[in-house]
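Undergrad:
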Amino acid sequence: MRILAIDSSLSSGSVAAADGERIVEVPMAPAKAHARRIAAALAEASLSLGWPVAAAELMAVIHGPGSFTGLRVGVSTAKAIAWACGAALVGVSGFDTIALAAGGTSPLHLAFDAGRGDVVAAVLRPHPAAVAGWVREDAGLMPGSAWIASLPPGARVGGPALLVEGRNESLASRSDLVVLPQEQWSPTAGGVAVLARLLATAGHTVRPEGLQPEYARPSYAEENAPRTSR
Numbered sequence: 001m002r003i004l005a006i007d008s009s010l011s012s013g014s015v016a017a018a019d020g021e022r023i024v025e026v027p028m029a030p031a032k033a034h035a036r037r038i039a040a041a042l043a044e045a046s047l048s049l050g051w052p053v054a055a056a057e058l059m060a061v062i063h064g065p066g067s068f069t070g071l072r073v074g075v076s077t078a079k080a081i082a083w084a085c086g087a088a089l090v091g092v093s094g095f096d097t098i099a100l101a102a103g104g105t106s107p108l109h110l111a112f113d114a115g116r117g118d119v120v121a122a123v124l125r126p127h128p129a130a131v132a133g134w135v136r137e138d139a140g141l142m143p144g145s146a147w148i149a150s151l152p153p154g155a156r157v158g159g160p161a162l163l164v165e166g167r168n169e170s171l172a173s174r175s176d177l178v179v180l181p182q183e184q185w186s187p188t189a190g191g192v193a194v195l196a197r198l199l200a201t202a203g204h205t206v207r208p209e210g211l212q213p214e215y216a217r218p219s220y221a222e223e224n225a226p227r228t229s230r
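Residue numbering for the sequence shown follows my numbering, beginning at 1 and increasing consecutively.
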């Protein structure tokens with residue numbers, strides 16, 4: 001199956017092309033360049049495997065959590081290619097992508113940065129009957145300090161929220177936690193491709209009009225919009 005995958009949820013975004021066991025990943029950093037870089041990066045990745053973007057059979061994209069602009073760029077690009085090429089489409093969670101790559105037999109406590117000192121958190125538990133081997137319990141939006149305080153002793157902890165200055169240092173006070181290696185904190189487009197193949201094989205595809213970004217919180221504009229009385 002020829003797969004194109006997009007992770008534009010973070011500033012260090014990437015795309016990947018996968019064909020059988022071969023996976024080629026192309027970086028897209030910085031975040032402000034995602035919209036300009038994404039088409040060329042997808043073409044570079046697919047051509048390195050010997051086929052054009054138009055030959056993709058499956059489009060995959062992280063639809064959340066992540067930055068507003070990054071998620072919009074990634075999701076809209078994936079939908080456009082799926083529409084134009086007739087490719088199947090899969091939206092995946094950044095949480096699930098990290099968990100699949102990290103593996104293990106104990107729960108994972110993961111968090112993405114949501115700005116303003118907050119995180120969006122989830123607990124992923126191994127489950128052999130699940131398509132990707134994990135089931136996710138969303139904990140929602142909360143202050144980063146509250147998330148750290150809520151972690152049970154012995155918890156395996158990770159996620160890109162730990163990359164925020166000061167937050168990883170805050171974890172140092174919790175010597176009872178098991179922190180994942182830093183290279184496993186963030187999702188990758190290659191990981192998106194691996195997860196998407198599993199989901200598509202199990203029939204978990206979506207029509208382009210049915211895929212929307214899943215933000216951690218309302219945008220500033222939405223929060224500050226005047227409320228209308230009924």
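Backbone N, C-alpha and C define an ideal beta-carbon position, used for all residues, glycine too.
Please read these numbers as outputs of a predicted model, since none were measured by experiment.
Express the C-alpha separation of residue 158 and residue 112 in angstroms, rounding to a whole number.
TA: 9 Å
Undergrad: Could you round the C-beta distance between residue 48 and residue 15 to whole angstroms and report it? I think they count as a contact, below 8 Å.
TA: That pair is no contact at about 11 Å.
Undergrad: Who are the near neighbours of residue 147 in its chain, counting only those whose CB is closer than 6 Å to its CB and skipping five residues on each side?
TA: 111, 119, 121.
Undergrad: When DSSP labels each residue in this structure, what does residue 115 get in the three-state scheme?
TA: Here DSSP, grouped into helix, strand and coil, assigns residue 115 to strand.
Undergrad: Mind listing, in chain order, the continuous beta strand (DSSP E) runs of no fewer than 3 residues lying wholly within the segment 114 to 149?
TA: 118 to 126, 134 to 143
Undergrad: Would you kindly work out how many angstroms separate the C-alpha atoms of residue 183 and residue 207, rounded to a whole number?
TA: 33 Å
Undergrad: Straight-line CA distance for residue 134 to residue 187?
TA: 15 Å
Undergrad: Taking 8 Å as the threshold, find out whether the segment 174 to 182 comes into contact with the segment 191 to 210 through three or more Cβ pairs.
TA: no
Undergrad: Around the C-beta of residue 65, are 16 or more other C-beta atoms found within 10 angstroms, so that it is buried, or is it exposed?
TA: It counts as buried.
Undergrad: Tell me, please, which residues DSSP counts as bridged to residue 178.
TA: 156
Undergrad: Is the beta carbon of residue 74 less than 7 Å from the beta carbon of residue 61?
TA: Yes, Cβ-Cβ distance for residue 74 and residue 61 is below 7 Å.
Undergrad: For residue 170, report the span of its alpha helix (DSSP H) as first-last.
TA: 167 to 171
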